[in-house]
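What follows is one structure encoded as structure tokens, with my remarks underneath.
In the numbering used here, the protein residues as written are 382 to 572.
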């Protein structure tokens, strides 16, 4: 039963790394959280794991996080005047920025990409820069959405997989109290 608690702790640690992965480039976020839940279910099935229904709920939150991330970036860029060309530039800027200048490239990349593509296709510098700012704001909102979804995923798992009282190790027995002939009590000798 101690194994169940150790597994629970390890999976929560993996999930915490996943939550941080939504902010730190290069670490998978929600996929790592989902992988932890699936691993726990596969290893502890029938012994107190979450069950496949909960894994499906976590997968739905993972998909929601992914959708929020992309949608927020697109909406942010569009609200501040980006065309489809600027949005393509923002996406390419994220990809190039993460690999060329991590982690600063994650912020600078979409700005430069959106602005560069808008400007290259004939827009004025001011409108192009505005589209770049929109892409960065959208990216920030997407990260916030992923972060919220991943914290909810971790909390749902922590609640659903909490090992029951029957999974706790048995409490040690209290040693008996021995009375001496004088009426004093004495603890038994420890070996």
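We treat Cβ as the ideally placed atom computed from N, Cα and C, and that holds for glycine. Values in this document were obtained by computation on a predicted structure and should not be read as measured data.
Where residue i and residue j are concerned, what is the direct C-alpha to C-alpha distance, given to the nearest angstrom?
i           : j           : result
residue 421 : residue 399 : 15 Å
residue 391 : residue 407 : 21 Å
residue 491 : residue 542 : 39 Å
residue 395 : residue 388 : 11 Å
residue 482 : residue 514 : 19 Å
residue 549 : residue 428 : Here the model assigns residue 549 a pLDDT of 48, short of 50, so the residue's position is not dependable, and the following value carries that caveat. Straight-line Cα distance between these residues: approximately 12 Å.
residue 517 : residue 434 : 36 Å
residue 337 : residue 479 : Outside the displayed range of the chain (382 to 572) lies residue 337, so it cannot be described from this structure.
residue 415 : residue 506 : 43 Å
residue 356 : residue 512 : Past the edges of the chain, shown from 382 to 572, lies residue 356, and the structure says nothing about it.
residue 500 : residue 458 : 14 Å
residue 426 : residue 393 : 17 Å
residue 502 : residue 510 : 13 Å
residue 404 : residue 384 : 31 Å
residue 443 : residue 452 : 14 Å
residue 430 : residue 472 : 38 Å
residue 397 : residue 468 : 31 Å
residue 476 : residue 432 : 36 Å
residue 409 : residue 484 : 14 Å
residue 529 : residue 456 : 18 Å
Can you check whether the C-beta of residue i is within less than 8 Å of a C-beta belonging to chain B?
i           : result
residue 510 : Within the model displayed, chain B is absent; a lone protein chain is all it includes.
Report yes if the C-beta distance between residue i and residue j is below 8 Å; otherwise report no.
i           : j           : result
residue 450 : residue 523 : yes
residue 454 : residue 519 : yes
residue 474 : residue 494 : yes
residue 508 : residue 462 : yes
residue 531 : residue 418 : no
residue 498 : residue 466 : yes
residue 411 : residue 534 : yes
Quick one: is the Cβ of residue i within less than 7 Å of any heavy atom of the ligand ADP?
i           : result
residue 412 : This structure simply doesn't include the ligand ADP, nor any ligand for that matter.
Within the continuous alpha helix (DSSP H) that includes residue i, where are the two ends?
i           : result
residue 504 : Neither: residue 504 is in no alpha helix (DSSP H) and is coded neither H nor E.
residue 437 : 433-460
residue 386 : 383-402
residue 544 : Run containing residue 544: none; DSSP gives neither H nor E here.
residue 471 : 465-481
residue 407 : No alpha helix (DSSP H) contains residue 407, which DSSP labels as neither H nor E.
residue 416 : 411-425
**Message:** Using 8 Å as the cut-off, can you tell me whether the stretch 525-538 makes contact with the stretch 438-446, which would need three or more C-beta pairs spanning the two stretches below that distance?
**Reply:** yes
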